[in-house]
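Let me begin by presenting the structure, written as structure tokens, before commenting on it.
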Amino acid sequence: FFFRSTRDFCFFIKKEAYRKTISINVLRHALCFSILGKDYISLVFYEILQEGDVFLGKNTKWKECHYVSIVLEQIETKIMQGIRLNREDGIALFECNNLTWLGYLADIVRKSVSGDYVYYNVNRHINLTNICTARCELCAFGCDADSTQSYAMGKENALEIAKEAAKDPDLKELHIVSGLHPDWPFSYYVDVIKTLKRELPHIHLKAFTAVEIIYFASISGKSVSEVLIELQNAGLDSMPGGGAEILSDRVRNEICSKKATAAEWLEVARTAHNLGIRSNASMLYGHIETVEERVDHLLSLRNLQDETGGFQTFICFPFHPNNTVLGERIERTSVWDELKTMAISRLMLDNFKNIKAYWVMLTLPIAQLALGFGANDIDGTVSEEKIMHAAGAKSATFLNKDTIIKTIRETGRIPVERDSMYNIVKIL
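According to this note's numbering, the sequence shown is numbered sequentially starting from 78.
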């Protein structure tokens, strides 16, 4: 069946329900939609309940179908009543392919948490080096020092880039992450932060993932706490959420064996939060992880957020396989999976106010669509992101404010410029 508009579709539902040829509860949990343009819906799967029969195939038993519907209905009831979802609920949601239902629930939760605001900021990325000792199978950015593609930036170069970016009076944030350089001492990173904060005291410095912090501790002989305190004293304001990938050591041993373990990543975040350093959290999905490992990842973040309250936002992004070792045997996941994961993240992470649709990884059109699947943040202008683009990201490396504002307004939501701590700068 094809419906030219949602109005036609709703009319069909009401008519058939009135004729008692369709059970609304069954239908709600069995519909899948494919968006075919601005105002087209394709109904590609449905259940018809007529005289007690369900036409799903010769071997399909009504009790089995009814059981699935009951499970999802119970999850919906939990969500509507504000009851926390558990691990089994999360797995059931990932096994459900009713994308519109997931988006519907995620959007309700999003609106109850943050209203119709969609946040963005004006920021600039600085990647100090792509030389990296880890050489993870999932990464296209890192390379060896003798590679023709390698580069290493002195603190003067970093300052020059930062000052150029700061000519924009709206610039609020510098986002600084790098490879794990084998020859740089920890003091180099401290000096970079100290120099940037001295010259640009009004700019928020969000720098260094938990993986980098573990590396700094190993090369300096300091504890994680000592490393963070020294960076904080130099001018570090907050931390990005990268390097979490999937918080499963089974996965990490295969795709990023030289990075911090799952427990180490969480401990860095915990320590930072206890020192008053806020951070983000992330999940890289669509590679070798299982559904159960995705759910466990979300629960690990949720548990730590219960403990510290230090995460500002959650970013989930798909694995980009181009130019990676891992990509030789894995294709990029589907848009369907991207939107499903966004929605389920919103539903499982009930203690995260902000869920980000990172346009750099998703592309702007999908990020815009994700705003209807639980997201309330679209990131920022970014300017010269390198890590994801090395892996074949097709998005632009920069967006101007007008484009971001237009993208948000097209969804019927309210663009809100924020700073790095989610303080409102301007409501547009």
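Every residue gets a Cβ at the ideal spot worked out from N, C-alpha and C, and that includes glycine.
The Cβ atoms of residue 208 and residue 258 sit closer than 9 Å to each other. Residue 480 and residue 455 do not touch by the CB rule: their CB atoms are close to 10 Å apart, not below 8 Å. A distance of 9 Å or more separates the beta carbons of residue 347 and residue 360. Residue 453 is positioned such that its CB atom lies closer than 9 Å to that of residue 191. Proximity to residue 326 across 337, 252 and 376 peaks at 337, based on C-alpha coordinates. Residue state for residue 388 is assigned as strand, using DSSP reduced to three classes. By the neighbour-count criterion, in which 16 or more other beta carbons inside 10 Å mark a residue as buried, residue 154 falls on the exposed side. Cα atoms of residue 433 and residue 261: separation of roughly 32 Å, rounded to the nearest angstrom.
Less than 9 Å divides the Cβ of residue 156 from the Cβ of residue 424.
Note: residue 233 is not bridge-paired with any residue in the DSSP secondary-structure output.
Scanning 184, 174 and 166 for the CA closest to the CA of residue 431 turns up 184.
For the pair residue 497 and residue 249, the CB atoms are nearer than the 9 Å cut-off. Under a 10 Å Cβ-count criterion, residue 231 is classified as exposed, with fewer than 16 other Cβ atoms of the shown protein chains found around its own Cβ.
Within the DSSP bridge table, the entry for residue 196 names 454 and 493 as partners. Rounded to whole angstroms, the Cβ separation of residue 398 and residue 408 is 6 Å, and the two are in contact under 8 Å.
In its chain, beyond the 5 residues on either side, 214 have a beta carbon closer than 6 Å to the beta carbon of residue 402. Cβ neighbours of residue 486 within its own chain (closer than 7 Å, five residues either side excluded): 492. Boundaries of the beta strand (DSSP E) around residue 282: 281–284. Judged by DSSP secondary structure, residue 433 falls within the beta strand (DSSP E) whose first and last residues are 431–433.
Under the criterion of beta carbons closer than 8 Å, residue 343 and residue 377 qualify as touching, at roughly 6 Å. DSSP places residue 251 in the strand class (E or B) of the three-state scheme. In the same chain as residue 186, and ignoring 5 residues on each side of it, the C-beta atoms closer than 7 Å to its own belong to 156, 423, 424 and 451, in chain order. Assignment of residue 358 by DSSP, reduced to helix, strand and coil, places it in the strand class. In the three-state reduction of the DSSP assignment, residue 156 falls in the helix class, which pools H, G and I.
Inter-segment contact for the region 262–275 and the region 304–312 is present: three or more beta-carbon pairs are separated by less than 8 Å. With a cutoff of 9 Å on beta-carbon distance, residue 414 and residue 362 are scored as near each other. Counting only residues of its own chain and dropping the five nearest sequence neighbours on each side, residue 299 has a CB closer than 8 Å to the CB of 263, 293 and 307.
In this model, residue 219 and residue 256 are separated by some 6 Å (Cα to Cα).
In the structure shown, residue 323 adopts coil according to DSSP, grouped into three states. In terms of Cα proximity to residue 384, the closest of 419, 412 and 428 is 428.
Boundaries of the beta strand (DSSP E) harbouring residue 501: 501–504, taken from the DSSP string. Of the other Cβ atoms in all chains shown, 16 or more fall within 10 Å of the Cβ of residue 389; this residue is therefore buried. For residue 316 against residue 284, the beta-carbon gap comes to about 7 Å, under 8 Å, which counts as contact. With a cutoff of 9 Å on beta-carbon distance, residue 198 and residue 502 are scored as near each other. If one requires a minimum length of 3 residues, no beta strand (DSSP E) run lies completely within the region 390–429. Within its own chain, the residues whose Cβ lies closer than 7 Å to the Cβ of residue 369, once the five positions on either side in sequence are excluded, are 168, listed in chain order.
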